[in-house]
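Everything below concerns the one structure shown next.
Numbering (full-length UniProt numbering), first residue to last: 1 to 361.
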């Protein structure tokens with residue numbers, strides 16, 4: 001029967017979030033109820049709260065989560081109660097034109113639960129990225145539940161569900177960083193540091209971290225940065241070129257999402273190098289570049305959506321890297337908090353004081 005659980009709800013644009021009782025229905029066909037063990041506080045949740053994604057309030061926030069499958073719908077055969085999972089916001093449909101062409105990481109019809117979770121008065125909730133995991137339990141499509149090794153603690157494993165996967169995949173999947181490459185990463189928050197970690201795992205010989213915050217640059221070295229550049233004190237384009245013999249980096253990952261840092265990334269890359277944009281811009285931002293520079297420099301300008309990942313393939317891999325000591329997921333967890341501390345965590349995140357606050361149930 002439907003369950004009443006505590007959850008974090010954003011009722012209106014820019015209003016403080018509230019912890020409320022919501023109703024989670026029994027899973028229907030293709031659905032699963034997950035008992036949430038931990039969920040990271042991601043900047044995307046703040047975007048929802050601010051109305052920067054859309055205006056489909058009220059939102060049920062939270063999407064970087066690990067938990068235990070509690071129950072599944074009648075036709076679900078690949079999950080069972082007790083399975084330890086990381087929840088993905090991409091669940092390839094298998095039938096769209098991208099999936100049919102063997103590119104499920106670009107799925108155009110990603111699956112979500114068909115039934116809504118609701119407030120006590122029956123008002124439907126819009127779950128953040130189709131998940132809504134700032135809740136004791138949440139309803140998702142069974143395809144969003146990716147089974148991983150239960151030895152990984154949920155505070156760390158849940159972060160793979162969004163920020164870590166986005167950054168790591170931007171380097172490894174989208175940027176195709178390889179052995180001996182030179183890499184620059186602009187913006188050393190959670191996503192940028194995950195890109196640094198991905199580049200390190202992939203074998204980059206030089207990884208330059210660029211930020212305006214000295215504390216973030218110090219943290220970047222923990223994840224594999226070989227050099228740090230404070231762009232308050234130095235021209236980052238010139239600094240990266242100096243580190244690379246005047247050439248520029250093979251791959252530059254822009255993890256901020258503003259015009260100026262994208263422009264820096266464009267001119268920071270080597271001739272025929274690659275720029276990967278993984279920082280999420282707001283809709284009003286625009287950029288102008290000389291068309292001759294776009295033509296003459298060659299290479300590739302790419303956008304990375306969720307690190308171009310395939311969750312069923314990549315989530316277990318990242319957990320294995322974590323358990324083997326090759327990916328420092330614990331380093332992303334700045335603090336653990338309770339469900340009623342999410343609003344304060346938004347403030348700390350906005351001020352750049354944390355990589356990730358993680359709600360633990």
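Note that CB positions come from ideal geometry on N, CA and C, so glycine has one too.
Residue i lies in the alpha helix (DSSP H); which residues open and close that run?
i, result
"residue 84", "Premise fails: residue 84 lies in the beta strand (DSSP E), 84 to 87, not in any alpha helix (DSSP H)."
"residue 296", "291 to 297"
"residue 44", "43 to 49"
"residue 307", "Per DSSP, residue 307 belongs to no alpha helix (DSSP H) and is neither H nor E."
"residue 319", "311 to 323"
"residue 221", "214 to 222"
"residue 107", "Note, residue 107: premise wrong, no alpha helix (DSSP H); not H, not E."
"residue 345", "342 to 350"
"residue 96", "Residue 96 -> no alpha helix (DSSP H), and no H or E assigned at all."
Return the first residue and the last residue of the beta strand (DSSP E) that residue i is part of.
i, result
"residue 196", "Note, residue 196: premise wrong, no beta strand (DSSP E); alpha helix (DSSP H) at 190 to 202."
"residue 261", "Taken as a continuous stretch (DSSP letters only), residue 261 belongs to no beta strand (DSSP E), being part of the alpha helix (DSSP H) at 259 to 268."
"residue 182", "182 to 186"
"residue 206", "206 to 211"
"residue 357", "357 to 360"
"residue 53", "Premise fails: residue 53 is in no beta strand (DSSP E) and is neither H nor E."
Helix, strand or coil for residue i? Go by DSSP, reduced to three states.
i, result
"residue 271", "strand"
"residue 250", "strand"
"residue 237", "helix"
"residue 40", "strand"
"residue 332", "helix"
"residue 124", "strand"
"residue 59", "strand"
"residue 301", "strand"
"residue 276", "strand"
"residue 65", "strand"
"residue 135", "strand"
"residue 129", "helix"
"residue 242", "helix"
Per DSSP, residue i is paired with what?
i, result
"residue 71", "33"
"residue 21", "6"
"residue 118", "23 and 124"
"residue 230", "211"
"residue 337", "359"
Could you confirm whether any beta carbon from chain C is found closer than 9 angstroms to the beta carbon of residue i?
i, result
"residue 131", "Reference to chain C is not applicable here, since this structure consists of a single protein chain."
- [ ] Identify every run of the alpha helix (DSSP H) within the region 139 to 181, keeping only runs that are complete inside it and at least 4 residues long; order them along the chain.
- [x] 154 to 157 and 163 to 169
Open item on the list: Does the structure place the region 149 to 163 close enough to the region 92 to 103 that three or more beta carbon pairs sit under 8 angstroms?
Closed with: no
Task: Segment contact, 8 angstroms Cβ cut-off, at least three pairs: the region 315 to 325 with the region 184 to 191 - done: In the pairwise beta carbon analysis, the region 315 to 325 is classified as not touching the region 184 to 191: fewer than three pairs are separated by under 8 angstroms.
Task: Inter-stretch contact (C-beta, 8 angstroms, three-pair minimum) for the region 196 to 203 and the region 169 to 182 - done: yes
Open item on the list: Under 8 angstroms: do the region 107 to 118 and the region 10 to 28 share three or more Cβ pairs, one atom per stretch?
Closed with: yes
Task: the region 129 to 142 touching the region 209 to 219, judged by at least three CB pairs closer than 8 angstroms - done: no
TODO: Would you check if the region 119 to 131 and the region 43 to 62 touch, i.e. whether three or more CB-CB distances between them fall below 8 angstroms?
DONE: yes
TODO: For the region 42 to 59 and the region 69 to 76, state whether three or more C-beta atom pairs, one from each stretch, are separated by less than 8 angstroms.
DONE: no
Task: contact_flag[the region 249 to 260, the region 274 to 293] where n(CB pairs < 8 angstroms) is 3 or more - done: yes
Open item on the list: Measuring CB atoms only, is the region 158 to 170 touching the region 230 to 249, in the sense that at least three cross pairs come out at less than 8 angstroms?
Closed with: no
Open item on the list: Within 8 angstroms, do at least three Cβ pairs link the region 9 to 20 to the region 96 to 110?
Closed with: Put simply, the region 96 to 110 does not touch the region 9 to 20. Fewer than three CB pairs are less than 8 angstroms apart.
Open item on the list: Any contact between the region 288 to 298 and the region 319 to 337? By contact I mean 3 or more CB pairs, one from each, below 8 angstroms.
Closed with: no
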